[in-house]
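Data block below; observations after.
Residue numbers (the working numbering), protein chains in the order written: chain A, 1 to 187; chain B, 1001 to 1285.
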């Protein structure tokens, strides 16, 4: 086993995961806001923020889907060693990781059911660029409106139209994250 | 030395991850009750096991933690939960609402307006607002999924036909973002207007019933009512006996066995702050 597989995790898992979760929770509670998320060095092509999401939220209870070029031996081994999360296809995953393009189409992912809308995937899309400009966001967590550079607004609108069903998004870029829950309206 | 034998914030990491995932789904669907695998905690059910688990999942070493029980910082429940996290998470604690970053509460929302960056964690006994109308979980799930809340309005209407007004005084049901009817935990209905459009994140944990739900900041929350019987956040018609506050929520305290009583703020921090800045009520010593 490569050394790179065994290293790059949180230095102090309980403390680092607690701090990372607060950043993820603030992002999910206030859609459109950017937060720093760091503390680990995952193998390429995973960004540090994507790695931190994996270490904070994934474990043996969460089937995950690796889309496109993040599905490589280095990443598979790193996730297996640090989290023990089983890999699966998009139809049964709780978390999916990849670029926006690789995650498409969205209708492959579980969107929950009427009685349990929480049984839906969280899609973690790694982006080239993440900044507070672009599409206008409104909804819970946003006082008046927010702006975020999201791809394909019409797909996000279709996802929101299923509310309370739908998938939730976390966007990562380097050491930054933002989130877009299904409750957010995108214009 | 036993404290060092526990993981940060008491719970093991896998449990915290499970709770954290439930919190995120709760925030994504405001007002919807997310099932979670509640753990046995070193305290009995009814003493805030749900709130404690949510607090354990969100606390970081940098936080300042406050616990209130019916508004008071100095009751048994508040003191013991505060010292629990002092020992297991090594966090600073405070009784000042403005200084706290995480506030765990049993049945009150602090009088002082909360701000961005604060998290309010509620202890919830019965998370299902429809439970006393329909005991079967399979049915209440279906009612929520179909947005079938007529029964709740019938209950409020029966209040009116029996008492002349809506007599529900606490755990007063609310509609979240025009979708889910939610039990705000047994806070007095006086506190209901503070649920909506609040800059803080509000998380609800029900340990025995194994449910977590959430309100992101600035969520629209409306108390159920009728056009001809609008929602009324009533309170005892007195000023506080100690600090003279006119618009805080009051507890009635029996002072002797000859009918003597006084009304005091239930939020002890708010009351002490006002007294410290010179406000005096009629019963102040």
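The beta carbon of each residue, even a glycine, is placed where N, CA and C say it ideally should be.
Just so it is clear, the structure is predicted and the values come from calculations on it, not from any experiment.
| Check | Outcome |
| --- | --- |
| Specify, as a first and last residue, the run of the alpha helix (DSSP H) that residue 1157 (chain B) falls within. | 1150-1163 |
| So, is residue 1253 (chain B) buried or exposed, given that buried needs 16 or more other C-beta atoms within 10 angstroms? | exposed |
| So which of B:1181, B:1217, B:1179, B:1048 has the shortest CA-CA distance to residue 1194 (chain B)? | B:1217 |
| Report the residue ranges of all beta strand (DSSP E) runs contained in full by the region 57-123 of chain A; include only those spanning at least 3 residues, in chain order. | 64-66, 95-99 |
| Can you tell me whether residue 6 (chain A) is buried or exposed? The criterion is at least 16 other CB atoms within 10 Å of its CB, across all chains shown. | exposed |
| Kindly list the residues whose CB is nearer than 8 Å to the CB of residue 165 (chain A), restricted to its own chain and excluding five residues on each side of it in sequence; keep chain order. | 111, 112, 113, 114, 117, 120, 182 |
| Out of curiosity, what's the CA-to-CA distance linking residue 1177 (chain B) and residue 59 (chain A)? | 32 Å |
| Taking 8 Å as the threshold (beta carbon to beta carbon), is residue 168 (chain A) in contact with chain B? | yes |
| Between residue 47 (chain A) and residue 134 (chain A), which are expected to be in contact by the criterion C-beta below 8 Å, what is the C-beta distance as a whole number of angstroms? | About 19 Å; that fails the 8 Å criterion. |
| Classify residue 1115 (chain B) as helix, strand or coil using the three-state DSSP reduction. | coil |
| Give me the chain D residues within the contact set of residue 25 (chain A), using Cβ-Cβ distance strictly less than 8 Å, ordered along the chain. | Absent from the structure: chain D. Protein chains present are A and B. |
| Tell me the DSSP bridge mates of residue 1188 (chain B)? | B:1170 |
| Can you pull the chain B neighbours of residue 57 (chain A), defined as C-beta to C-beta under 8 Å? | 1017, 1020, 1021, 1024 |
| At a Cβ threshold of 8 Å, is residue 185 (chain A) touching chain B? | no |
| List the endpoints of the continuous alpha helix (DSSP H) containing residue 1085 (chain B). | 1076-1088 |
| Rounded to whole angstroms, what's the CA-CA distance from residue 8 (chain A) to residue 43 (chain A)? Just pull it up for me. | 8 Å |
| Would you mind sorting residue 1192 (chain B) into buried or exposed? The rule is 16 or more other CB atoms within 10 Å of its CB. | buried |
| Going by Cα to Cα distance, which pick from B:1183, B:1045, B:1201 is closest to residue 941 (chain B)? | There is no way to answer for residue 941 (chain B), as the model of chain B reaches only from 1001 to 1285. |
| Kindly provide the ranges of any alpha helix (DSSP H) runs that are 4 or more residues long and lie completely inside the region 1-52 of chain A, ordered along the chain. | 3-6, 13-29 |
| Indicate the three-state DSSP secondary structure (helix, strand or coil) for residue 1264 (chain B) in the structure shown. | strand |
| Are the beta-carbon atoms of residue 1281 (chain B) and residue 1244 (chain B) separated by less than 8 Å? | yes |
| Among residues of its own chain, excluding the 5 on either side of residue 1010 (chain B), which ones have a beta-carbon nearer than 7 Å to its beta-carbon? | 1056, 1088 |
| Does any residue of chain A bring its CB to less than 8 Å from the CB of residue 1219 (chain B)? | yes |
| I'd like to know whether the C-beta atoms of residue 1275 (chain B) and residue 1037 (chain B) end up nearer to each other than 8 Å. | no |
| Quick one: using the 10 Å Cβ neighbour count with 16 as the cut-off for buried, is residue 1105 (chain B) buried or exposed? | buried |
| Compute the Euclidean distance between the alpha carbons of residue 1135 (chain B) and residue 14 (chain A), then round it to the nearest angstrom. | 39 Å |
| Which same chain residues, not among the five before or five after residue 1262 (chain B), have their C-beta less than 7 Å away from its C-beta? | 1241, 1253, 1255, 1283 |
| Spell out a yes or no on whether the region 1009-1028 of chain B and the region 1057-1065 of chain B are touching, meaning 3 or more CB-CB pairs, one atom from each, closer than 8 Å. | yes |
| Which partner residues of residue 176 (chain A) appear in the DSSP bridge assignment? | A:36, A:173 |
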